[in-house]
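Notes follow the structure.
Number of protein chains: 2
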Amino acid sequence: MTNRPFNYDLDPSTGLPSRYDHHTLRKLSSMAGQFFDQAAYQQLLEQEDVVLYEVYELSRPAVSGELISGISVIHPGRVGDEFFMTKGHFHALLETAEVYVVLHGQGMMVMENPEGDCSVETYQPGRVIYVPPRWAHRSVNTGPDDLVFFWVYPANAGHDYGTIERQGFHKLVIASTSGPQILDNPRWKPAS
Amino acid sequence: MTNRPFNYDLDPSTGLPSRYDHHTLRKLSSMAGQFFDQAAYQQLLEQEDVVLYEVYELSRPAVSGELISGISVIHPGRVGDEFFMTKGHFHALLETAEVYVVLHGQGMMVMENPEGDCSVETYQPGRVIYVPPRWAHRSVNTGPDDLVFFWVYPANAGHDYGTIERQGFHKLVIASTSGPQILDNPRWKPAS
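Residue numbers (our numbering), protein chains in the order written: chain A, 1 to 192; chain B, 1001 to 1192.
Here is the structure:
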């Protein structure tokens, strides 16, 4: 991997990067047990294993001082009344932050820390969102179009997906006639 | 300082942040000895101690894992034939990177590492530029309008301005009839 400076360009209409090292494509089947309405999840999965979101990463060595950056695209859609969303994760090295810059679309970032404090930030174009160290984060697309954002985090942060897979987030984002609603997740359970 | 998530919005026309913790305003007088044409520097300074650039910072604790972000605005202008530019610096903790996202304007980022390798990246809106660990960096506004960019770096990086103040960068960016030219800096000198 180069130790020289480099650049990449974000397409002005889509936000997609002109180059990247990894492209991760997350389908519905990778989110078993994560959505509130499990019957709707099964029904949708039998119709089509849809792509929920895509991540374009510019990789760097996993050492302190390096930064990993890239673009995420959360596609619009719902599983029952729950919006398409990312798996969500803590950083494996818990004491690491992340910075987001929203490029397109609408949505919410659902966050919580191991102490059980919860926070929801609203995505809107031109907004920078700071995820402090210790806060798990999930992106939810509440709009009719792709939600696209730039992100950067310490390259030694790593990902802990397992904690969220086991216990879920405390909060859900559900469509309602009055717009997106933030609800307590009745299926949340403490890590065993 | 809060350990909860927070956000700030970038004005779509100016790129300026809706809030910040520190605003640094760098005037010509803070750049003594940095411009190639010292006679032009003195002449301009006697006319007016103009503002060369401004930095808006969202502060975070200076510890590993936290990230400092913000916006820089380099105003257009020249000292003789040399474009307005930032002081430029190494990070005090040398092995730390920085990521830029260009919002408005045109320019060049001049970089070098302690081994004497040099690199120049071009600023254009929508471009992400990666400054790897070990690379000093200076922003040069080569256009007629403000050069505005978002940046983020590890909060424990710190700044070493002194090395550049003493030795300069290896490369200069000078206006010419055929556009901005990158030249060797005849006044560059190794750190004593």
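Beta carbons: idealized from backbone N, C-alpha and C, even for Gly.
Using a Cβ-Cβ cut-off of 9 angstroms, E1095/B is close to V63, S64, G65 and E66 of chain A, given in chain order. If you compare the alpha carbons of F1149/B, V1051/B and T1142/B with that of Q1181/B, the shortest gap goes to T1142/B. Under the three-state reduction of DSSP, L1028/B is assigned to helix.
Contact residues of the segment 1123 to 1140 of chain B toward chain A are G1126, R1127, V1128, I1129, Y1130, V1131, P1132, P1133 and W1135 (C-beta to C-beta distance below 7 angstroms). Secondary structure in the segment 103 to 133 of chain A: the beta strand (DSSP E) runs of 3 residues or longer, each lying completely within the stretch, are 107 to 112, 118 to 123 and 127 to 131 in chain order. Residue-level contact check: Y1008/B touches chain A, since one or more beta carbons of chain A fall below 9 angstroms from its beta carbon. Annotated three-state conformation of Q1038/B is helix, per DSSP. Note: W1188/B is not bridge-paired with any residue in the DSSP secondary-structure output. At a C-beta separation below 8 angstroms, M1111/B has these neighbours in chain A: P5. Pairwise C-beta distances place the segment 1072 to 1081 of chain B in contact with the segment 1042 to 1062 of chain B, as three or more of them are shorter than 8 angstroms.
About 6 angstroms separates the beta carbon of Y123/A from that of L147/A, a gap short enough to meet the 8 angstroms contact definition. By the Cβ neighbour-count rule, T1014/B is exposed, with fewer than 16 other Cβ atoms within 10 Å of its own. In the DSSP annotation of this structure, the continuous segment of the alpha helix (DSSP H) that includes R166/A starts and ends at G162 to Q167.
W1151/B is a Cβ neighbour of V1101/B, given a cutoff of 9 angstroms. Boundaries of the beta strand (DSSP E) harbouring R138/A: A136 to N141, taken from the DSSP string. Collapsing the DSSP output to three states places E82/A in a strand.
Taking C-beta atoms under 8 angstroms as the contact rule, G126/A and L1010/B qualify, at a distance of about 5 angstroms.
Taking 7 angstroms as the cut-off between beta carbons, the residues of the segment 1142 to 1166 of chain B near chain A are F1150, V1152 and P1154, in sequence order. Of the residues A62/A, Q167/A and K27/A, the one whose Cα lies closest to the Cα of M85/A is K27/A. Nearest CB-CB separation between S1069/B and chain A: below the 9 angstroms threshold.
Here H1091/B is buried: its Cβ has 16 or more other Cβ atoms, across all protein chains shown, within 10 Å. In terms of Cα proximity to L1016/B, the closest of S1139/B, S1176/B, F1149/B and N1185/B is F1149/B.
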